[in-house]
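There are 2 protein chains.
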Amino acid sequence: MSAARALELSKQFKAIADPNRLRLVSLISSSDGSEACVCDLTAPLGLGQPTVSHHLKILVDAGILHREKRGVWAYYSLVPGALNTLAGVLGESR
Amino acid sequence: MSAARALELSKQFKAIADPNRLRLVSLISSSDGSEACVCDLTAPLGLGQPTVSHHLKILVDAGILHREKRGVWAYYSLVPGALNTLAGVLGESR
DNA sequence: GAAAAACATCGATGGTTGTCAATGTCAGTG
DNA sequence: CACTGACATTGACAACCATCGATGTTTTTC
Chain A
250 MSAARALELS
260 KQFKAIADPN
270 RLRLVSLISS
280 SDGSEACVCD
290 LTAPLGLGQP
300 TVSHHLKILV
310 DAGILHREKR
320 GVWAYYSLVP
330 GALNTLAGVL
340 GESR
Chain B
250 MSAARALELS
260 KQFKAIADPN
270 RLRLVSLISS
280 SDGSEACVCD
290 LTAPLGLGQP
300 TVSHHLKILV
310 DAGILHREKR
320 GVWAYYSLVP
330 GALNTLAGVL
340 GESR
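Heads up: the protein sequence lines correspond to chains A and B, in order. Those letters in the first sequence? Residues 250 to 343, by the numbering used here. Those letters in the second sequence? Residues 250 to 343, by the numbering used here.
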């Protein structure tokens, strides 16, 4: 694996390598319509709103979550295939 | 996903969420006999021996690599199934 | 037993990260 | 236009992390 490819992959793995971000992905994927807004996510995690926004931004920047603003709310959903691609990388070296 | 489970998983993801550690896993899995010693790994990564030992220890502590001392050499190999388990976690939320 | 080779550990340092309080932005409401 | 509610952004701080040089440990060789 090239150094450049490793750096690229590590950015995505870093994004999910946090307990609260893992829970965010899990919460969103199991939500109604596979999407959720920030106000639905602060309570289950026990974190403040700025902190949750911060984590969501990291996941969006890594290409794992998609953000869609509808009115006052921001809806987050999984980017199709993003996690599967990462899973595939791990599966190669079994 | 429970907070405890998320914390447990995040520790393993953190272990591989580093470009040099990703390359270490890749190098080891593609080595002869799927194992390698430290002296084989420093040159391709361009890192010092203490740094490589440090990264390998993190991967061993996370349950991803296995360490076997034979004489003066320490041989590192993949723990069977460890990466597949992580890949499975990512596959669940597609 | 002295020397060398392979690896681990220690201490220090610069950089990164998770969290929060405070503040800013923007859409809807009356 | 003032007000409220949902989010994003900023600044600050403590904790953590990757790297390195120096040193310790263990095994093999002479």
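Backbone N, C-alpha and C fix where the C-beta goes; we use that ideal spot for every residue, glycine too. Because the structure is a prediction, the values reported are computed rather than measured.
DSSP three-state assignment for residue i, whether helix, strand or coil
i: A266 (chain B); result: coil
i: L327 (chain A); result: strand
i: A311 (chain B); result: coil
i: G337 (chain B); result: helix
i: L290 (chain B); result: helix
i: S280 (chain B); result: coil
i: L258 (chain A); result: helix
i: L273 (chain A); result: helix
i: L296 (chain A); result: coil
Neighbour flag for residue i against chain B, beta carbons, 9 Å
i: G281 (chain A); result: It should be noted that the sequence gives Asp, not Gly, for residue 281 (chain A). For D281 (chain A), the answer is no, since every Cβ of chain B falls outside 9 Å of its Cβ.
i: R195 (chain A); result: Any answer about residue 195 (chain A) is impossible in this case: the structure gives chain A only from 250 up to 343.
i: A285 (chain A); result: no
Residues sharing a beta bridge with residue i, DSSP
i: H304 (chain A); result: Paired residue(s): none; H304 (chain A) is not in a bridge.
i: R316 (chain B); result: B:Y325
i: A285 (chain A); result: A:Y325
Neighbour flag for residue i against chain A, beta carbons, 9 Å
i: I265 (chain B); result: yes
i: P268 (chain B); result: yes
i: A252 (chain B); result: yes
Chain-ordered neighbours of residue i on chain B, where CB pairs are closer than 7 Å
i: L256 (chain A); result: P268
Chain B contact residues for residue i, given Cβ-Cβ distances below 8 Å
i: G340 (chain A); result: L332, N333 and A336
Cross-chain neighbours of residue i in chain A, by beta carbon under 9 Å
i: S259 (chain B); result: I265, A266, D267, P268, N269, R270 and L271
Does the region 274-292 of chain B come within contact of the region 263-272 of chain A, defined as at least 3 CB pairs closer than 8 Å? no
Do the region 258-265 of chain B and the region 252-269 of chain A touch if we need at least three Cβ pairs shorter than 8 Å? yes
Is there contact between the region 305-317 of chain A and the region 328-342 of chain A, where contact requires at least three CB pairs shorter than 8 Å? Result yes; three or more Cβ-Cβ pairs closer than 8 Å.
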